[in-house]
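Trainee: Could you have a look at this structure, given as structure tokens, before my questions?
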Amino acid sequence: MVTLADLQVTRLGECTVASPLASYVGGRATNQYYVGEDDRILFDDTVELVRARGLSLDEMPSFETGGPRADIFFDPATTRVGIVTCGGLCPGLNDVIRALVLELHEHYGVNDVTGFRNGYAGLVPELGLTPIQLTPEFVQTIHERGGTVLGTSRGAQDVEVIVDTLQRRRIDILFVIGGDGSMRGAHRIAQEALRRDAGIAVVGVPKTIDNDIPHIGQSFGFQTAYSRAAQSIKAAKIEAEAAINGVGLVKVMGRHAGFIACYSAIANHDADFVLIPEVPFSLDGENGLLAHVRRTIAAQGHAVIVVAEGAGQEHLPDADDHDASGNKRLADIGRLLRERIGDDFAARGEEALFRYFDPGYFIRSVPADPADSVYCARLAQTAVHAGMAGRTDLVVGRRRHRFVHVPIAYVTHRTHGVSPDGDLWLSVLESTSQPLDMV
Ligand code: ATP
Ligand code: MG
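Residues in the sequence shown are numbered from 362 upward in steps of one, following the working numbering.
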């Protein structure tokens, strides 16, 4: 059970420098934009949950609110900043880089911003990836393109070497934009910097196209991703409808969490079946997927299946294959479904006509849509405020429409997934012809 202590964010020290934001938010007397110490966001969101804790308000688990502080830790005149992007691509990475640089430059007057290239590899000098200077001119139009101008990488790097690099370059704040693995790395960097009393703040902007990091609200890029996935599902529907025994099969991202599959399926009500890692299904038997697909095609002439890449892994051999960061490579569920449904029709002397879509890399590499761009910009601004106020070992997120600080350790202790008992999965069932269970 979460406690207030779990949500306490580490501070490098007292904030004794007057924030330069005063000059454009109307002076320190007005104060309306500054975040106060007591302005905390409750962890629980229902009266029932609050009551069940039996705690006083001051003991209640709550998040530190993000936003500008009247007094900050770092002196902007001498502050040096580093930015790194790690892990897989996701819409909005360049928006975050851009907004970090612009916020630092225009509002805090911090001009020394280094972009480390290709993930944590860029902080390891012997790998020879020369960092770049990030200026407002450099970042001006980068958000118009997908990907990351800094590049990315996977694979383990030595945390001590990384902190050596930060100290040698006299970096005060490191912003890490990356996924769960990157955040585990950021936590270790923050802890090593604290151990050395190096005075370095490490602030994460969590990136997960799958939306599988807990406690941060929705992740940036997720909305763009499911909007694009919905376009593929639309195409699959049109193709399947036009064919005899047409099967539109769309494999979307979602290694552990089926959020993209669920949202993209609900968007247009084009899917008949949604398969996600959190909800097991049978292939065979009267209540298995194959029988349901057969019945759907008999009734309406075609079927559309949306499958998250991590769904149905129990039906596939365990390949015991891992990427450079140690993440397990998944077996191809799309291919298996195609084979099994095809065989099922063939066994009855019929033929199913497949339209197979795998839009994964296309989705990852597009620029963020305007809503995500706004979100990226605001997350980045929150991250800058946190770093300048000397907060470390945290990520920024958004809970109940408020930006918050969450300790990194608290977002990496588990993954976030679709609850089979929750209202999102119910909406999927309401938007498809899928039965409550297929086991
Ligand atoms: P995504 O899953 O969205 O692709 P990710 O950040 O999880 O993003 P990874 O390749 O798993 O991607 O990790 C990115 C970087 O973080 C890699 O350089 C990896 O070595 C490092 N990393 C991962 N886990 C840890 C860990 N436990 N401690 C230190 N570094 C880690
Ligand atoms: Mg990961």
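Glycine included, every Cβ here is placed at the ideal spot set by N, Cα and C.
1) Let me make sure I understand the geometry here. Which of N455, V564, A628 and H576 has the alpha-carbon closest to that of P728?
2) Express the C-alpha separation of A413 and T407 in angstroms, rounding to a whole number.
3) When every heavy atom of the ligand ATP is checked, does at least one fall within less than 7 Å of the C-beta of N688?
4) In whole angstroms, give me the CA-to-CA distance for S726 and G415.
5) For I523, is the classification buried or exposed, using 16 other Cβ atoms within 10 angstroms of its Cβ as the cut-off for buried?
6) Could you check if P422 is buried or exposed, using at least 16 other CB atoms within 10 Å of its CB as the buried criterion?
7) So, at 6 Å on beta carbons, what are the nonlocal neighbours of V640 in its own chain, with the 5 sequence-adjacent residues on each side left out?
8) Using the DSSP secondary-structure output, state which residues sit across from Y717 in a beta bridge.
9) Do the CB positions of G542 and G448 come within less than 8 Å of each other?
10) Taking the beta carbon of N347 as the centre, do at least 16 other beta carbons fall within 10 Å, making it buried, or is it exposed?
11) Which word fits I550, buried or exposed, when buried means at least 16 other C-beta atoms lie within 10 angstroms of its C-beta?
12) Kindly indicate which three-state DSSP category I765 falls into: helix, strand or coil?
13) Please say whether R459 and I532 have beta carbons closer to each other than 8 Å?
14) Alpha carbons only, please: which of V779, Y771 and R506 is nearest the one belonging to M362?
15) Do T377 and the ligand ATP come close, with the Cβ less than 7 Å from some heavy atom?
16) On a CA-only basis, which of G758, E602 and D733 is nearest A713? Give me that one, please.
17) Note down the Cα distance separating L802 from V745, rounded to an integer number of angstroms.
18) Would you be able to state if there are at least three C-beta pairs under 8 Å between the region 565-585 and the region 466-474?
19) So the candidates are I666, S514 and E675; which of them puts its Cα closest to the Cα of I702?
20) Please list, in chain order, all residues with a C-beta atom less than 5 Å from at least one heavy atom of the ligand MG.
21) Can you give the beta carbon distance from A747 to L740, rounded, assuming they're within the 8 Å contact cut?
22) Within 10 angstroms of its Cβ, does R506 collect 16 or more other Cβ (buried), or is it exposed?
23) Could you tell me whether any non-hydrogen atom of the ligand NAP is closer than 7 Å to the CB of S514?
24) Is R545 near the ligand ATP, going by C-beta to nearest heavy atom under 7 Å?
25) May I have a chain-ordered list of the beta strand (DSSP E) segments no shorter than 3 residues that lie completely inside the region 445-488?
26) If I follow the unbroken alpha helix (DSSP H) through P567, where does it start and stop?
27) With a threshold of 6 Å on Cβ separation, who are the neighbours of A559 within its own chain once the five nearest residues in sequence on each side are excluded?
28) Going by C-alpha distance, which of L691, F634 and I433 is nearest W786?
29) Quick check on E711: does DSSP put it in helix, strand or coil?
30) Per the DSSP calculation, V537 is bridged to which residue(s)?
31) Curious, which full-length alpha helix (DSSP H) runs of at least 4 residues does the region 729-778 contain?
32) Determine, using beta carbons only, whether R401 and F424 come nearer to each other than 8 Å.
33) Beta-carbon within less than 7 Å of D719's beta-carbon, same chain only, minus the 5 sequence neighbours each way: which residues are those?
34) Of the choices E521, I538 and A482, whose alpha-carbon is the least far from that of S514?
35) Taking its Cβ as the centre, do 16 or more other Cβ atoms sit within 10 Å of S417, making it buried, or is it exposed?
36) Answer yes or no: the CB of R775 versus the heavy atoms of the ligand ATP, is any distance below 7 Å?
Mentor: The structure says:
1) N455
2) 10 Å
3) yes
4) 47 Å
5) buried
6) buried
7) P781
8) L610
9) yes
10) Nothing about residue 347 can be read from this structure; the chain reaches only from 362 to 800.
11) buried
12) Residue 765 is actually Val in this sequence, not Ile. V765 falls in the strand class under three-state DSSP.
13) no
14) Y771
15) no
16) E602
17) As displayed, the chain neither begins before 362 nor continues past 800, which places residue 802 out of reach and without an answer.
18) no
19) I666
20) G540, D541 and G542
21) No, A747 and L740 are not in contact; Cβ-Cβ is about 10 Å, not under 8 Å.
22) exposed
23) Inclusion of the ligand NAP in the displayed structure is not the case, the ligand content consisting of the ligand ATP and the ligand MG alone.
24) yes
25) 473-477
26) Premise fails: P567 lies in the beta strand (DSSP E), A562 to P567, not in any alpha helix (DSSP H).
27) Q528
28) F634
29) coil
30) V445 and G565
31) 731-749 and 769-773
32) yes
33) K612 and G695
34) A482
35) exposed
36) no
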